[in-house]
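Here is the structure we will look at.
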Ligand code: SAH
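Right, here's the structure in full:
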């Protein structure tokens, strides 16, 4: 593996420990769901696929083209993208167990010829320049200690004109030092102020096209997850360890408190200038 930041190493360890339980509750999508409004009765799985589809719409590749999936989890969004677009996907994650699970899923779905997964740190991508036609990062950017480095790497491996869709959190109101510490230490994420975050996207060479605040549309995720964990706290603790269950419950509290006071969940779309275009 390439040189992983301190946070990266912790993230890898955390996903090794929690992926099985998170998968039990969330299914193979390791990301939040998206609900269209208070009357949207979709279940978690449907709402999670909807968020994947919002990302897919923003990076509309065609057969023969290649998507880079930055922080691919166990591969479910990548496989859905590949099925829906006919394009190829290469996903990277820093959690070794996820590479194995995602690779097995691609094989099981008969998509191993078009979808592959590698163990890599997004801040040091093991790919040559300009080999991809689009990229996305679905709920992985919050874990990236050095977002600037990751964005530069993503820009390097994309062809001119390529699209990038990413979700990230941003600070949009007062967050106390303690909240920043909880986000960093319990959730293993950091939140930059929105202008600073968008500044990093642009500094890497991207032009920002759209910034959607999807905080409210995704918020039901933490309630449903809390209900699932609390509904079978003892059983889950026996199977996955009380420490893991309690850790996840604390993570939900940290997130909910942050978005109540000063954090937003954003869906950002950007693109690299076309070849020959002047900045
Ligand atoms: N996009 C996937 C997984 C989201 S969970 C999904 O929606 O299902 C966050 C993912 O980011 C995990 O796979 C984690 O391993 C990955 N990740 C976090 N930091 C990373 C880094 N520095 N380099 C590569 N992947 C990273």
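Numbering (this note's numbering), first residue to last: 366 to 644. A virtual CB, placed ideally from N, CA and C, is assigned to each residue, including glycine.
Residue range 607-626 is occupied by the alpha helix (DSSP H) that includes residue 610, with no beta strand (DSSP E) assigned at that position. Relative to the ligand SAH, even the nearest heavy atom lies 7 Å or more away from the CB of residue 533. As DSSP reads the structure, residue 501 sits in a beta bridge with 434 and 530. In this structure, residue 479 keeps its C-beta atom at 8 Å or more from the C-beta atom of residue 511. Looking only at 446, 498 and 556, the smallest Cα-Cα distance to residue 627 is reached by 556.
Boundaries of the beta strand (DSSP E) around residue 481: 480-484. The beta carbon of residue 559 is closer than 8 Å to those of 535, 536, 537, 576, 629 and 631 in its chain, skipping five residues each way along the sequence. DSSP places residue 487 in the coil class of the three-state scheme, outside both helix and strand. Take residue 609, set aside five residues on each side of it, and the residues of its chain with a beta-carbon closer than 7 Å to its own are 382, 383 and 386, in chain order. In this structure residue 394 is in contact with residue 413, their Cβ atoms being roughly 4 Å apart against a cut-off of 8 Å. Nearest neighbour of residue 618 by Cα position, chosen from 593, 633, 429 and 548, turns out to be 548. Residue 392 has its Cβ no nearer than 7 Å to any heavy atom of the ligand SAH. Annotation for residue 456: no alpha helix (DSSP H) segment contains it, though the beta strand (DSSP E) segment containing it runs 453-458. When the beta-carbon positions are compared, residue 434 and residue 456 come within less than 8 Å of each other. Rounded to the nearest angstrom, the gap between the Cα atoms of residue 477 and residue 470 is 8 Å. By the criterion of a C-beta distance shorter than 7 Å, residue 565 is surrounded in its chain by 512, 513 and 516, once the five residues flanking it on both sides are discounted.
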